[in-house]
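Student: Could you have a look at this structure, given as structure tokens, before my questions?
Numbering (our numbering), first residue to last: 55 to 206.
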């Protein structure tokens with residue numbers, strides 16, 4: 055596998071120590087014929103090892119955060135796939151299932167996959183029986199479009 059990360063070293067004539075950063079090689083095509091390729095600075099150039107170490111640690115933290123978010127997304131997606139909402143269920147039963155979905159995008163997908171009539175029933179149940187100021191019901195109430203009976 056080709057390495058995508060590179061140390062970027064900038065040696066200034068009047069300074070004793072170089073500045074060092076990290077770049078990543080990117081290759082992006084947009085599907086319409088446009089293509090961009092080349093290095094992009096991932097870690098700014100630093101004048102000391104300690105500064106570089108802090109910057110790299112910050113990037114690692116951000117990557118770990120993104121990894122955690124993606125894990126939650128995949129788990130929610132797997133959970134949603136296993137739900138298989140049955141339109142024969144009542145609004146309360148459907149909401150009991152939907153309210154276990156923590157990822158808002160998965161909740162939107164599952165709710166909007168219901169028939170228009172069933173979405174109206176579930177929305178009526180949520181707004182009349184649930185605390186819309188906390189938890190999944192809060193997300194539901196903020197994203198509900200009354201005109202289309204869909205979550206956005």
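Even for Gly, the Cβ is constructed at its ideal location relative to N, Cα and C.
Identify whether residue 92 lies in helix, strand or coil by the three-state DSSP scheme.
Tutor: If DSSP states are grouped into helix, strand and coil, residue 92 belongs with the strands.
Student: Given a cut-off of 8 Å, decide if residue 71 and residue 94 are closer than it, judged by their beta-carbon atoms.
Tutor: Taking 8 Å as the Cβ cut-off, residue 94 and residue 71 do not qualify as a contacting pair.
Student: Measuring CA to CA, which of 121, 118, 189 and 123 is closest to residue 152?
Tutor: Of 121, 118, 189 and 123, the residue nearest in Cα terms is 189.
Student: Please state whether DSSP places residue 185 in a helix, a strand or coil.
Tutor: In the structure shown, residue 185 sits in coil (DSSP, three-state: anything other than H, G, I, E or B).
Student: Using CA atoms only, rank isn't needed, just tell me which of 57, 100, 177 and 66 is closest to residue 201.
Tutor: When each option's Cα is compared against that of residue 201, the closest is 177.
Student: From residue 160 to residue 174, what distance separates their C-alpha atoms?
Tutor: Taking the straight line joining both Cα atoms gives about 19 Å.
Student: Let me know if residue 128 comes out buried or exposed under the rule of 16 or more other beta-carbons within 10 Å of its beta-carbon.
Tutor: Its Cβ having fewer than 16 others within 10 Å, residue 128 is exposed.
Student: Tell me which same chain residues have a C-beta within less than 8 Å of the C-beta of residue 126, skipping the five on either side of it?
Tutor: These residues qualify, in order along the chain: 156 and 157.
Student: Could you tell me if residue 83 is buried or exposed, where buried requires 16 or more neighbouring beta carbons within 10 angstroms of its beta carbon?
Tutor: When all chains shown are included, residue 83 counts as exposed.
Student: Taking Cβ positions, are residue 166 and residue 204 nearer each other than 8 Å?
Tutor: The answer is yes: Cβ separation under 8 Å.
Student: Tell me the start and end of each unbroken alpha helix (DSSP H) in the stretch 133-178 that is at least 4 residues and wholly inside, in chain order.
Tutor: If we require 4 residues or more, the alpha helix (DSSP H) runs fully inside the stretch 133-178 come out as 145-152 and 158-166.
Student: Apart from the five residues on each side of it in sequence, which residues of its chain come closer than 7 Å, Cβ to Cβ, to residue 61?
Tutor: So the qualifying residues of the chain are 74 and 76.
Student: Since residue 73 is in the beta strand (DSSP E), which residue starts that stretch and which ends it?
Tutor: Here the beta strand (DSSP E) through residue 73 covers 73-83.
Student: Take residue 90 as the anchor and find which of 112, 80 and 180 has the nearest alpha-carbon.
Tutor: For residue 90, the nearest C-alpha among the options comes from 80.
Student: Have a look at 87, 69 and 99 and flag the residue whose alpha-carbon is nearest the alpha-carbon of residue 63.
Tutor: Of the listed residues, the one whose Cα sits closest to residue 63 is 99.
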